Amino acid sequence: MENIILIAAPGAGKGTLAKSLKSKYGYVHISTGDLLRDAVNKGDDLGLRVKDILASGGLVDDETVYEILKARLKEDDCKKGVILDGFPRNVLQAVKYEEILSELNMNLGVVIVLDVEEELLVKRITGRRICKDCGEIYNIYNPMMTPKKENTCDKCGGSLYQRSDDNEEALKSRYATYLEKTQPLIDYYQKKNNLYIVDSNKDINYTLEQVEKILNDLGDSSD
Ligand code: AMP
């Protein structure tokens, strides 16, 4: 399977898409945000260092992110094919990623951009709820994504929580950071001819269909 990089504004649905691709095809989903949040929850040195940055919506320093990403990519399961969600976040990280990949003998793969109108992001962010046990993602404003029982995961019965940065104020800063730092990656990968833009303004099934078509055309998703 091709490795995949997902690029999109906060709230566009990278995590939801990655989870669908993971369960259908067995990709390994690597979210640098999840890895950092795990550290915050554990309260280890790294977690204490990044806690306030995550809550404010700013970016963690590049070296820290390379370290946690590289450690995860070295694990055996990543040979199957990985989906990167939340990395790279800027052009410097993209350049460094290629160094890491060549060290680990892995391919860059494809880059998929989820295109979403700005107005939709607020609802997707402020309505997002996540299962604390299995990570399933819900949205209380989207009838297709509401849990059957309030605050309870349909899949495992775990309780749902809201991320500390899933509020309008932090979104403003996260979105500004996306426009300034992450969006230039679109140009960067367009020049490498491995970039696909997907309309992600509708539901997850519509997004998934388009992504599957791209992967099928590359002769990939059946591997
Ligand atoms: P996410 O779950 O991708 O929205 O990430 C949540 C937060 O984790 C971001 O707002 C950043 O503070 C931090 N973060 C995640 N990935 C990166 C990255 N590649 N570079 C720097 N900071 C990151």
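Numbering (the numbering used here), first residue to last: 871 to 1093.
Note that CB positions come from ideal geometry on N, CA and C, so glycine has one too.
Predicted model, so just to flag it, every value in this text is computed and none were measured.
Determine the closest residue to residue i out of the options, with distance taken between C-alpha atoms.
{"i": "K1018", "options": "E987, R1033, D1036 and R999", "result": "R999"}
{"i": "N960", "options": "Y1031, V1068, K1025 and V935", "result": "V935"}
{"i": "I1010", "options": "D931, C1004, D1003 and R994", "result": "R994"}
{"i": "S901", "options": "D922, K921, V952 and N1012", "result": "V952"}
{"i": "N1012", "options": "D1073, V981 and K944", "result": "D1073"}
{"i": "Y1059", "options": "V980, K1042 and K1051", "result": "V980"}
{"i": "L1085", "options": "T886, G883, K884 and L891", "result": "L891"}
{"i": "K940", "options": "K912, L971 and G913", "result": "L971"}
{"i": "D947", "options": "Y1008, R1033, N873 and L918", "result": "N873"}
{"i": "L1030", "options": "A1040, D915 and T1016", "result": "T1016"}
{"i": "I938", "options": "M1014, L906 and Y895", "result": "L906"}
Just checking: is the beta-carbon of residue i within a distance shorter than 8 angstroms of some beta-carbon in chain C?
{"i": "D1073", "result": "Chain labels in this structure do not include chain C; a single protein chain is all it has."}
Can you grab the Cα-Cα spacing for the pair residue i / residue j, in whole Å?
{"i": "D955", "j": "Q1080", "result": "18 angstroms"}
{"i": "D904", "j": "E989", "result": "25 angstroms"}
{"i": "Y1076", "j": "K889", "result": "15 angstroms"}
{"i": "D1087", "j": "Y1066", "result": "12 angstroms"}
{"i": "G1089", "j": "Y897", "result": "16 angstroms"}
{"i": "I877", "j": "N1063", "result": "15 angstroms"}
{"i": "G1027", "j": "E1020", "result": "11 angstroms"}
{"i": "D1003", "j": "E945", "result": "22 angstroms"}
{"i": "R1057", "j": "D908", "result": "Sequence check: residue 1057 is Asp here, not Arg. So the alpha carbons of these two residues sit roughly 32 angstroms apart."}
{"i": "V983", "j": "V1068", "result": "6 angstroms"}
{"i": "S1043", "j": "Y1008", "result": "23 angstroms"}
{"i": "S1091", "j": "G883", "result": "With a pLDDT of 48 at S1091, under the threshold of 50, the modelled position of this residue cannot be trusted, and the question is left open."}
{"i": "N977", "j": "L1078", "result": "23 angstroms"}
{"i": "S926", "j": "S1034", "result": "9 angstroms"}
{"i": "L1049", "j": "K950", "result": "32 angstroms"}
Apart from the five residues on each side of it in sequence, which residues of its chain come closer than 6 angstroms, Cβ to Cβ, to residue i?
{"i": "E1006", "result": "C1023 and K1025"}
{"i": "P958", "result": "A964 and Y967"}
{"i": "K921", "result": "V910"}
{"i": "I875", "result": "L954 and V981"}
Across which residues does DSSP place residue i in a beta bridge pair?
{"i": "I982", "result": "L876 and Y1066"}
{"i": "V898", "result": "V952"}
{"i": "L1030", "result": "C1001"}
{"i": "Y1008", "result": "R999"}
{"i": "T1022", "result": "S1029"}
For residue i, I'd like the list of residues in its chain whose CB is within less than 7 angstroms of its CB, leaving aside the five on either flank, ordered along the chain.
{"i": "D1093", "result": "Unreliable positioning characterises D1093 in this predicted model, as indicated by a pLDDT of 46, which lies under 50. The coordinate reading is nonetheless provided below. M871, listed in sequence order."}
{"i": "E1038", "result": "V992 and T996"}
{"i": "N1071", "result": "V986, E987 and L990"}
{"i": "L974", "result": "L943 and K944"}
{"i": "T886", "result": "I1007 and I1074"}
Which same chain residues, not among the five before or five after residue i, have their C-beta less than 8 angstroms away from its C-beta?
{"i": "Y1045", "result": "A879, P880, E988 and L991"}
{"i": "D932", "result": "N960, L962, Q963 and K966"}
{"i": "L929", "result": "I923, R959, N960, T1047 and K1051"}
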